[in-house]
Amino acid sequence: MRLLTRCVLSFVMVTMFGYCYAQTDSTGIEGKVVTEWAAPVEAATIRLLSHPDSVLISSTISDVNGVFRFSKIKPGNYFISVSKVGYKRLYSVKYQVLANNHIKTDAVKLIPLTHQLQEVKILAKKDYVEVRPDKTIINVDASIVSAGSNMLDVLGNSPGVRVSGNEILFKGGQKALIAINGKPVQLASEQVAELLRNYQSNQVSQVELIENPSARWDASGGGVINIILKKDQNLGWRVNITESAAIGQNYRLNSSTSANYRSKHINLFATYNVGRNELARSWDIYRNINTNAGIEGYDVNYGSKTRTSTHAFTAGGEFSLKPNQNIGALVQGNINPTGISKSNNTYLKTNGTLDSSIVTGSFIDRDVQTLNYNLNYRGLFGKFKEH
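Numbering (this note's numbering), first residue to last: 2 to 388.
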């Protein structure tokens, strides 16, 4: 009975620890963008930058009321930049964000550009974020921060998108439909996340964030994130090889190869990505409770390690039957072997002396393989005329 009571108390304390840990989600920065006349500014681009090295942490856009929010950020020093076409770019003061601290900034007043134009030069350079009536477009190549990152990291820094574990959330925290080149990815959340980890940013042209998709997408309320891969427009052969690595407490390795052949009527392409990464988690709880029987101690040690290898490939072609009519085929595959080891040890003590212990461990060896086929036809037959 005594052992059962201790186990129940240990479970309660672990639950309380998880609750306390969850409170860190309240850490963030919130503000409002207005004009000189205090009118709210919609669709302004706000970037959260670390201080003092100015590394891009996240970005978002202001809503119809001019309000912007950055949530679930780590404690540290930050500042923000605010920009919108027709206004001067503004930078804030430094904000020191502490754990469980939600900062509400003063209203940011945008100042219109009033310089008299001497001449107009048109440069072929796109903004990182383009806001259109039906969607928001992320031009991946326009940000130097995206270089060397995988697509899951790029999405995590995109306006209105939040990556929580293997879930990609959009439009108010709802699960988003992920599509590649306009074709929905029919995989589980964990497999989609692994697939995106193996797509490097230099393979992607744009990301379309569609909050209110049309019926063709069959989205379930969370919006659509459409990833558009690059296609070489030059004739002939082109081969790209990319190697990347990252190391810290854990490691990540990635290698990708892409090949493309284009002629006047044929476009053939193929990509192969292989990646390995390791993720370790651990936490410890030490509790002492003073009771009539003495000091009861409850020590909990938890640890897990996940090793993942991913092989992803894409092959396809597009053939021009006649002007404005194309037929295409696409094959996508993913092989994802994963090993997960976990340990959870609880030690029960009385007055500092070990009384009993509960030691548990588990290992999961999983191998997921997927293969998708797609055959498509696209034709433009002209426009109907009214008589």
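Even glycine gets a Cβ: it sits at the ideal position worked out from N, Cα and C. Quantities reported herein were computed from a predicted structural model and do not represent experimental measurements.
Closest by C-alpha distance to residue i, when choosing among the options
i: Lys-265; options: Tyr-287, Leu-230 and Gly-318; result: Gly-318
i: Ala-260; options: Arg-239, Asn-274, Tyr-252 and Asn-151; result: Arg-239
i: Ile-341; options: Val-86, Gly-334 and Ala-281; result: Ala-281
i: Gly-87; options: Ala-45, Tyr-273 and Asn-293; result: Ala-45
i: Thr-272; options: Trp-284, Asn-291, Leu-230 and Ile-58; result: Leu-230
i: Ile-104; options: Leu-355, Tyr-79, Asn-289 and Lys-110; result: Tyr-79
i: Ala-247; options: Ser-150, Ile-365 and Ser-60; result: Ser-150
i: Lys-95; options: Glu-43, Leu-114 and Ser-55; result: Ser-55
i: Thr-354; options: Thr-347, Ile-296, Asp-366 and Ser-60; result: Ile-296
i: Phe-69; options: Val-42, His-52 and Tyr-92; result: Val-42
i: Lys-110; options: Ser-363, Asp-219 and Ala-40; result: Ala-40
i: Gln-175; options: Ser-190, Gln-204 and Ile-181; result: Ser-190
i: Ile-211; options: Ile-359, Pro-134 and His-52; result: Pro-134
i: Arg-253; options: Thr-309, Arg-48 and Val-164; result: Thr-309
i: Asn-375; options: His-52, Val-35 and Lys-184; result: Lys-184
i: Gly-166; options: Ser-357, Asn-346, Val-193 and Phe-364; result: Val-193
Buried or exposed by the 16-neighbour rule on C-beta atoms within 10 Å, applied to residue i
i: Gln-201; result: buried
i: Glu-37; result: exposed
i: Lys-127; result: exposed
i: Lys-224; result: Rather than Lys, the amino acid found at residue 224 in this sequence is Gly. Result: buried.
i: Phe-171; result: buried
i: Thr-361; result: exposed
i: Ser-159; result: buried
i: Gly-237; result: exposed
i: Tyr-22; result: Model confidence at Tyr-22 stands at a pLDDT of 36, short of 50, so the residue's coordinates are unreliable and nothing is read from them.
i: Gly-298; result: buried
i: Tyr-129; result: buried
i: Gln-326; result: exposed
i: Leu-156; result: buried
i: Pro-214; result: buried
i: Gly-161; result: buried
i: Leu-349; result: buried
i: Asn-274; result: buried
i: Leu-381; result: exposed
i: Ala-177; result: buried
i: Ile-181; result: buried
i: Val-65; result: exposed
Close beta carbons around residue i, own chain, < 6 Å, minus the five adjacent residues each side
i: Leu-99; result: Pro-76
i: Ile-242; result: Thr-258
i: Ser-72; result: Gly-29
i: Ala-143; result: Lys-127 and Tyr-129
Segment limits, beta strand (DSSP E) that includes residue i
i: Gln-333; result: 326–351
i: Ala-271; result: 267–292
i: His-52; result: Counting along the chain, His-52 falls outside any beta strand (DSSP E), and DSSP gives it neither H nor E.
i: Ser-215; result: Taken as a continuous stretch (DSSP letters only), Ser-215 belongs to no beta strand (DSSP E), as it is neither H nor E.
i: Lys-105; result: 103–105
i: Ala-246; result: 237–248
i: Asn-377; result: 354–380
i: Ser-165; result: 162–165
i: Gly-318; result: 295–323
i: Val-68; result: 68–72
Residue j beta carbon less than 7 Å from that of residue i
i: Asn-199; j: Gly-249; result: no
i: Gly-304; j: Ser-344; result: yes
i: Glu-444; j: Asn-251; result: Only positions 2 to 388 of the chain appear in this structure, which leaves residue 444 out of reach.
i: Gly-67; j: Lys-33; result: yes
i: Pro-338; j: Asp-368; result: yes
i: Val-208; j: Ile-179; result: no
i: Asn-377; j: Gly-329; result: yes
i: Asn-346; j: Asn-302; result: yes
Residue range of the unbroken alpha helix (DSSP H) whose run includes residue i
i: Gln-192; result: 190–198
i: Gly-157; result: 152–157
Cβ neighbours of residue i in the same chain (closer than 8 Å, five flanking residues each side left out)
i: Leu-196; result: Val-186, Leu-188, Thr-311, Ala-313 and Asn-335
i: Leu-50; result: Val-56, Leu-57, Ile-58, Tyr-79, Phe-80, Ile-81 and Ser-82
i: Gln-370; result: Gly-334, Asn-335, Ile-336 and Asn-337
i: Asp-285; result: Asp-300, Val-301, Asn-302 and Tyr-303
Beta-carbon contacts of residue i that lie in its chain and below 7 Å, excluding the five residues immediately before and after
i: Ala-316; result: Ala-271 and Val-332
i: Ser-63; result: Val-34, Val-42, Glu-43, Ala-44, Ala-45, Ile-47 and Phe-69
i: His-52; result: Asn-78, Tyr-79, Phe-80 and Lys-95
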